[in-house]
Structure formats: C-alpha cells, structure tokens
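Following the working numbering, the numbering of the sequence shown begins with 567 at its first residue and continues without gaps.
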Amino acid sequence: MGTMNCTKDPLKILEEALEAGITCFQLREKGEGALTGSVYEEFARACQKMCLAYQVPFIINDDVELALKLDADGIHIGQEDLALSTFRKQAKGKIIGVSVHNSREMEQAILSGADYVGIGPIYKTQSKKDAKPPAGLHFLKAMRKQCSNFPIVGIGGITEENASEVRSSGADGVSVISVICHSKDIGQTVKNLLLTKKIN
Numbered sequence: 567m568g569t570m571n572c573t574k575d576p577l578k579i580l581e582e583a584l585e586a587g588i589t590c591f592q593l594r595e596k597g598e599g600a601l602t603g604s605v606y607e608e609f610a611r612a613c614q615k616m617c618l619a620y621q622v623p624f625i626i627n628d629d630v631e632l633a634l635k636l637d638a639d640g641i642h643i644g645q646e647d648l649a650l651s652t653f654r655k656q657a658k659g660k661i662i663g664v665s666v667h668n669s670r671e672m673e674q675a676i677l678s679g680a681d682y683v684g685i686g687p688i689y690k691t692q693s694k695k696d697a698k699p700p701a702g703l704h705f706l707k708a709m710r711k712q713c714s715n716f717p718i719v720g721i722g723g724i725t726e727e728n729a730s731e732v733r734s735s736g737a738d739g740v741s742v743i744s745v746i747c748h749s750k751d752i753g754q755t756v757k758n759l760l761l762t763k764k765i766n
C-alpha cells in the first residue's frame, strides 16, 4: 500500500487493517503522486511504528536504502532492482521477498536466498501501471508443483471474490492493495481474506 492508493487517510486504513488482523504490511510508495524525501521517510516511520504496535512485519517495497535506514523487518524487490545477494549481505536476518514471473526467475530467487516469492500479477491489476500481463492461476499452480514447500504469495488483481481460488491454487498467502484501500468495511474485507485456505 502507498498513499496514492488510498481514498482516505492511509494511516487510518493501515490501522483498521492491522486491527482486523493482517499478517504483514508492505509499504509500496511508487507511481504518480508518490511521497518523496523526508515526507516519505516520515510516513514510512509512522507506518512502521503502527506495525510494531501490532507485532506485524513491516516490509518496504524496492527502497533498499530506506529499508536499511529504518531497520525494517524486510524488503520486497523486483527483477530490475538491486541484486538479492547484495542486500542479503547488508541485511542479515531480514525478510526478503522477490517478484517472479517465470520459472527461471523462481529458481534464481530461491538460489539467491529469498524468503518468499510474489507471483503475479495473477489477474489484471489497477494498482501497478507498468504491470506485466496476468500470469494466471496456471502459472501459480505450476510453480507450486515445482517448489512444493517454498513460500509463495499471490499478487495482482486479487479480490475478496477470487482470493480463495488463488489460495487453492497453491498460494500461501495473498497480497492486496485496492481491495483493502477502497473497502467500505476494512474489518470485514480482511476477515473474508483471512478465511481463505490453502489447499495442497
């Protein structure tokens, strides 16, 4: 989630989501209108403080420098970002997630020391303007078969209505933005997402 995804105060949205029981929070402040500089850092610190209060991991998307400066719980990086092995050396003991779009990237992420991968976009997404074409459930199923025990998170276009099929296709969890940021009842939305179960 980032400030530009929100229809109301982003910190209020985060607080409601944390109260409802989200299990991890990733700050993704990217795109048109995104915060920068000291304002971005101040917002990130506010999010981190809130996550700490609820004992929920705080992960920063792509910004290695800020993740290290804030001593975030982890970072999520894309294929075009800093080499995973480099960050692993700089931040021992941190959670590292990597976006993957094909089996070669999946293998490389695991070999390089990723803790989990984000597979997607599963469906068409509005949250990321430069998103790749949807990978679909078939790719998710194939990666689950290829890597039976490695943590996989489904990303992209996931809603309350389709989250169950993402989980039943092998995802250990789902990563969402719009479905929570635009929800009229965040508590119920999170509850519905948490009710989805992985089927092996």
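Here a beta-carbon is modelled for each residue, glycine too, at the ideal position from N, C-alpha and C.
Simplified DSSP state of residue i, which is helix, strand or coil
i: L580; result: helix
i: L601; result: coil
i: F716; result: coil
i: V740; result: strand
i: N571; result: helix
i: Y606; result: helix
i: G524; result: Outside the displayed range of the chain (567 to 766) lies residue 524, so it cannot be described from this structure.
Residue span of the beta strand (DSSP E) that contains residue i, given as start and end
i: H748; result: Taken as a continuous stretch (DSSP letters only), H748 belongs to no beta strand (DSSP E), as it is neither H nor E.
i: V664; result: I661 to V666
i: Q592; result: F591 to L593
i: V683; result: Y682 to I685
i: I625; result: F624 to N627
Bounding residues of the alpha helix (DSSP H) (the contiguous stretch that carries residue i)
i: L761; result: L761 -> no alpha helix (DSSP H), and no H or E assigned at all.
i: I676; result: S669 to L677
i: V630; result: V630 to L636
i: S734; result: A729 to S734
i: Q656; result: L650 to Q656
CB contact flag (residue i, residue j, <8 Å)
i: A680; j: G659; result: no
i: M567; j: L593; result: yes
i: A638; j: I626; result: yes
i: F767; j: I641; result: The requested residue 767 is not part of the displayed model; the chain covers only 567 to 766.
i: I676; j: G720; result: no
i: V683; j: I718; result: yes
i: L650; j: I643; result: yes
i: L759; j: E726; result: yes
i: C590; j: V630; result: no
i: V740; j: I752; result: no
i: Q656; j: L636; result: no
i: E607; j: L632; result: yes
Would you check if the stretch 614 to 625 and the stretch 571 to 589 touch, i.e. whether three or more CB-CB distances between them fall below 8 Å?
yes
Touching by the beta-carbon criterion (3+ pairs, under 8 Å), the stretch 707 to 717 and the stretch 742 to 750:
no
Count the C-beta pairs between the stretch 755 to 765 and the stretch 729 to 740 that are closer than 8 Å, then say yes if the count reaches three, no if not.
yes
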